[in-house]
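J.:
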Amino acid sequence: MASTRKPTYRPGPDSRPGAARPGSARVGSPRAGDKAEPEAVISAQRSLEPERTTATAKQSVATGKAAASAGSPDNVIVFPEPKGRRRRRLVLWTLSIVAAVVAAVIAGAIFSPALAVRTITVDGTTLLTPQDVEKALSGLDGKPLPQVSEEEIKELLKPLVQVRSATMEARPPSELLVHVNERVPVALLKQGDSYVMVDVDGVQLGATKDQSAVALPLIDAGAGSSNTELFKAIAAVLDTLPTDVRAKMSTASAASADAVELKLVDGKTVVWGNAEDKELKAKALEALLKMPADPKVPVSVYDVSVPRHPFTK
């Protein structure tokens, strides 16, 4: 182990005042008031302080290095992201991008002038002409097809009372097909010199001067206006009949809502009764009218008031 003796400096015996140091020349004599300075002597002394100081310094340096290492971002341990989380993030990013692209395409289609309405085609009209409907929908010209809705079409067709409902079909790039469901006239009402066609709800669908021009039964004037209970009972019966059977009727009347009667164009009578089992009564009457006539047994009345047991007389 290296010596820890500490060199010290003490005055020697030759350092008396006035004594000359070896190898040195004395210049002049000391004055009477001067004190002699002792000559230095080097000696050694054992000391443990340096060892403690060195150990403490080393410990401080080590502690500082550890603190610096802990605070340095270059020495922070970063764990890799789990594959599942990375996959989910990738999927979310992909879906976001796809959604943005789809939204852009849809927005372009909705507002694109390339899909503007140029042609309106109408079908399902009988009381009206296709031109009547096209004229009512003329406000849709130039509007992009994706922006046209059935609610808008119904609103535009409200002035045409003959239209009960309507549906649409877009045919890109520029054709709009409109399917019209018209109201069905079921009877005629006499109003002055004209005959007004009405549907089951009493909505007036048109008028004619010649009754024979329309194959519809005339509701007896005793039924009153289209708002009466008698009219509603008769109209409900006529609305149930198949079109070809209804065309064979001449008049329709009712003494009460439970006693509806119909007259055929050949003068025969149909006893209907009340509004119950309307569909069954209509099928029974249709079957009776298809029966071959027997000259030996003439028929003047068809009674379907009890539809499961209809009869003729």
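Mapped onto UniProt numbering, the consecutive letters of the sequence shown carry residue numbers 1 to 313. Glycine residues also receive a C-beta, built at the ideal position from the N, C-alpha and C atoms.
#1: Could you tell me the distance, in whole angstroms, from the CA atom of SER253 to the CA atom of ILE234?
#2: Is the CB-CB distance between residue 314 and LEU137 below 8 Å?
#3: Any idea if VAL98 is buried or exposed, counting beta-carbon neighbours within 10 angstroms, 16 or more meaning buried?
#4: I need the boundaries of the alpha helix (DSSP H) containing VAL245, first residue and last residue.
#5: Decide if ALA66 is buried, meaning its Cβ has at least 16 other Cβ atoms within 10 Å, or exposed.
#6: In angstroms, rounded to a whole number, what distance separates the CA positions of VAL301 and ASP294?
#7: Apply the 10 Å Cβ neighbour rule to ARG21 and answer buried if 16 or more other Cβ atoms are within range, or exposed otherwise.
#8: Helix or strand or just coil, what does DSSP make of ARG87?
#9: Going by alpha carbons, who is nearest to ALA275 out of ALA257, ALA247, GLY206?
#10: Going by beta carbon distance, what residues of the same chain come within less than 6 Å of VAL196, once the five residues before and after it are set aside?
#11: Among LEU177, ASP210, LEU264, which has the Cα closest to the Cα of THR125?
#12: Alpha carbons only, please: which of LEU218, VAL148, LEU238 is nearest the one belonging to GLY273?
#13: So, is ASP210 buried or exposed, given that buried needs 16 or more other C-beta atoms within 10 angstroms?
#14: I need the DSSP call for ASP294, collapsed to helix, strand or coil.
T.: If we stick to the structure as given:
#1: Along the sequence shown, one-based indexing puts residue 253 at 253. Along the sequence shown, one-based indexing puts residue 234 at 234. The alpha-carbon atoms of SER253 and ILE234 are separated by roughly 7 Å.
#2: Nothing in the structure corresponds to residue 314, since the chain is present only between 1 and 313.
#3: Counting from one through the sequence shown, the residue named residue 98 turns up at place 98. Taking all protein chains shown into account, VAL98 has fewer than 16 neighbouring C-beta atoms within 10 Å of its C-beta and is therefore exposed.
#4: Position 245 of the sequence shown, counted from the start, is the residue given in the question as residue 245. First-last of the alpha helix (DSSP H) with VAL245: 243-246.
#5: As a position in the sequence shown, residue 66 is number 66, starting the count at 1. Confidence at ALA66 is low in this model, with a pLDDT of 49, below 50, so the placement of that residue should be treated as unreliable; the coordinate-derived value is given next. Around the CB of ALA66, fewer than 16 other CB atoms lie within 10 Å, so the residue is classed as exposed.
#6: Taking the first residue of the sequence shown as position 1, residue 301 is located at position 301. Taking the first residue of the sequence shown as position 1, residue 294 is located at position 294. VAL301 and ASP294: Cα-Cα distance of roughly 14 Å.
#7: By 1-based counting over the sequence shown, the position of residue 21 is 21. Because ARG21 sits at a pLDDT of 48, beneath the cut-off of 50, its placement in the model cannot be relied upon, and the point is left open.
#8: By 1-based counting over the sequence shown, the position of residue 87 is 87. Three-state DSSP puts ARG87 in a helix.
#9: Reading the sequence shown from its first residue, position 275 is the one you call residue 275. Comparing C-alpha distances from ALA275 to each of ALA257, ALA247, GLY206 shows the shortest one belongs to ALA257.
#10: Here residue 196 refers to the residue found at position 196 when the sequence shown is read from its first residue. LEU189, GLN204, ALA207.
#11: The sequence position of residue 125 within the sequence shown is 125, counting from 1. Cα-wise, what sits closest to THR125 is LEU177.
#12: Within the sequence shown, the letter at position 273 stands for residue 273. Distances from the CA of GLY273 to each of LEU218, VAL148, LEU238 were compared; the closest alpha carbon is that of LEU238.
#13: Indexing the sequence shown from 1 puts residue 210 at position 210. Per the 10 Å Cβ criterion, exposed.
#14: Reading the sequence shown from its first residue, position 294 is the one you call residue 294. ASP294: strand per DSSP, three-state reduction.
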